[in-house]
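For this note's numbering, add 2 to where a residue sits in the sequence shown, where the first one is 1.
For each residue, glycine too, the CB sits at the ideal point set by N, CA and C.
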Amino acid sequence: VADRYSRRFGHITTRQNIQLHFVKLHDIEPAMRLLADSGLTTREACGNSVRNITACPYAGTSADELFDVTPYADATTRFLLRHRLSSSLPRKFKIAFEGCREDHVAIAINDLAFKAAFGPNGERGFLVLAGGGTALMCKSAGTLHEFMPAEGIHRVCEALLIVFKEHGDYEHRQRNRMKFMIKKLGWDRFVEEYQKALAWCGGE
């Protein structure tokens, strides 16, 4: 696609998307069909959507990790890709996974983050943080769950997207990340709305 329709090269982003610039409008359809035939999609690559999920760069190789978060990040990617909520949000939504004791992925600056943890019976799960961000109004994420069993992470994602879609700001692009929504609602009201959505998604 880069050779035929762009400039013979692409740009790799932080979240490992590949951007191809200066594709002519009349070439968009054949380029996207060629990508689709190769098993690639442009869905949720940018725009007001759940962006590519990041994980610790040492996942699966670090002696310091509690467990490898790669399968959980991959499963969450597959769960959210083409999800009914993923492309109709007020603004972009970023998720990260960290498995090491040391934070290599900067979980606190993400809209939603999962840090590997073990439950009281040794079961795998995550500390769950929400509402972080940089740029305008730098904000560290707050704790949503001290421990969420691994099987609950998709419900957590869906519940947060429901709240963001319902209460987010669709009018002011500079103030429509989730951290601004949380500031507007207040943390307690935000958690209350989240718990309602989590219950609707089958959580507790």
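Euclidean distance between Cα positions of residue i and residue j
| i | j | result |
| --- | --- | --- |
| A77 | E153 | 11 Å |
| G121 | V71 | 16 Å |
| I97 | L91 | 14 Å |
| K185 | E100 | 25 Å |
| G62 | C102 | 10 Å |
| F116 | F95 | 14 Å |
Assumed close pair residue i, residue j - CB separation to whole angstroms, cut-off 8 Å
| i | j | result |
| --- | --- | --- |
| C140 | V107 | Going by Cβ atoms, the distance from C140 to V107 rounds to 17 Å, so no, they are not a contact pair. |
| L187 | H169 | 6 Å |
| Q21 | H13 | 4 Å |
| L146 | Y74 | The pair is not a contact, with the Cβ atoms about 16 Å apart (cut-off 8 Å). |
| A118 | F69 | 6 Å |
| R179 | R53 | Between R53 and R179 the Cβ distance is about 12 Å, and since that is not below 8 Å, they are no contact. |
Start-to-end residues for the alpha helix (DSSP H) that takes in residue i
| i | result |
| --- | --- |
| F149 | Per DSSP, F149 belongs to no alpha helix (DSSP H); it is in the beta strand (DSSP E), G144 to P151. |
| K198 | W189 to W202 |
| V3 | Neither: V3 is in no alpha helix (DSSP H) and is coded neither H nor E. |
| I109 | Unbroken run through I109: none, as it is neither H nor E. |
| I30 | I30 to D39 |
Collapsed DSSP secondary structure at residue i in the structure displayed
| i | result |
| --- | --- |
| F24 | coil |
| E67 | strand |
| H174 | coil |
| L114 | strand |
| H85 | coil |
| L91 | coil |
| L42 | coil |
| A75 | helix |
| C140 | coil |
| E160 | helix |
8 Å Cβ cutoff met for residue i and residue j
| i | j | result |
| --- | --- | --- |
| G127 | F149 | yes |
| A33 | Y7 | yes |
| C48 | L114 | no |
| A161 | A199 | yes |
| F24 | R9 | yes |
Start and end residues, beta strand (DSSP E) containing residue i
| i | result |
| --- | --- |
| R126 | R126 to A132 |
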